[in-house]
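Written below as structure tokens is the structure these notes are about.
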Amino acid sequence: MLDLDSHLSAIVAGDTAAFGRWMASSEHTVRDSLRSFAARVDTESVVQETFLRVWQVAPRFQRDGRPNGLLRLALRIARNLAISETRRLKTAATVSDELENRVAVELDERGPRPPDPMLRQAIVQCRQRLPDKPGQALTARLESAGGDHDREVARRIGMTRNTFLQNVTRARRFLVKCLEELGVNVNAEIV
Amino acid sequence: MAAGDPMDPPPMDPKDRELLVEAAASAWRPRSPAASPGGLPMHPAWYDLDDEGREQAFEVTRTSRVMEAALDDDGQSTTVRAVLARIAAAQGAP
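Protein chains in written order, with the working numbering: chain L, 37 to 227; chain P, 58 to 151.
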């Protein structure tokens, strides 16, 4: 089982590269745990804030002898943030524990999902086949890394915002279809 | 209100929803405290989406992040890179 607490001592020492590796392996689990909140809170914001809080509290984190303690803490932080946001936004009647319990059980039994080497190989191949404009839009989105509003990203590559978004959509759909043709299911569930 | 009540707002145009979904799937989020006083920053596109659109945005984001991480040499999605940039900014890194 993959135990991401192997990164803990480096994270506590302030190693952001180690934290990046930890986040890269944790993100899918944290995001999936928030699916039941999808219509109620901006889950991307919750994921980002969760990671920031984990970075801040990591020096005080105490291991409990079980693997992936920091990830389990992240799941609790994410859930609490989401619940807090639903209350602030008044967007939830009841909050179910079912998905959170399934994610927790999955994490205990199998650990976080390791990167799929087949996916990387296949997607690099598929990206090379992307038509020009969708490829440009995808590259621009990736390079921006969330640092700029799409309006600015679009402007840099000479597209209107709507055209840019349409091309990002085309790129994503093309890649998913290409991956499926290569036998890779990018939407495989972990819970 | 009963189902199909004439007072219900009209359903969102699918093309408009698609654009908003893709926008909300970006890792960009506003940084100004005024953007969401007392709470987490919300993407304006996410705010404008109906429930169906928000569910779609979640799935699109999920798929996109998996692909982004697979395309990145360090296995990092745009979410991870956005968080690292915020940490670096807070530390005063150049």
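All C-beta atoms in this analysis are idealised placements derived from N, C-alpha and C, irrespective of residue type, glycine included. Note that the structure is a prediction, hence the values are computed from the model and not measured.
Take the alpha-carbon of A126 of chain P and the one of V117 of chain P: they are about 14 Å apart. D152 of chain L carries a coil assignment under DSSP once its states are collapsed to helix, strand and coil. The Cβ of G149 of chain P sits no closer than 9 Å to any Cβ of chain L. Within 10 angstroms of the beta-carbon of R146 of chain L lie fewer than 16 other beta-carbons, which makes it exposed. One thing to note: G56 of chain L has its Cβ within 9 Å of the Cβ of L141 of chain P. Note on geometry: alpha-carbon atoms of D68 of chain L and V139 of chain L lie some 8 Å from one another. At the C-beta level, R111 of chain P and A75 of chain L come within 9 Å of one another. The region 104-113 of chain L makes no contact with the region 169-181 of chain L: fewer than 3 CB pairs, one atom from each, lie closer than 8 Å. Identification of residues in the region 194-219 of chain L having a C-beta nearer than 7 Å to some C-beta of chain P yields N198, L201, V204, T205, R208, L211 and V212, given in sequence order. Put simply, of L:R163, L:A54 and L:L70 the residue whose alpha carbon is nearest the alpha carbon of R119 of chain P is L:L70. Taking C-alpha positions only, A94 of chain L is separated from I47 of chain L by approximately 7 Å. Non-local beta-carbon contacts of R163 of chain L in its own chain, meaning distances under 8 Å to residues more than five positions away in sequence, involve G171, L174 and L211 in chain order. The Cβ of A181 of chain L sits closer than 9 Å to at least one Cβ of chain P.
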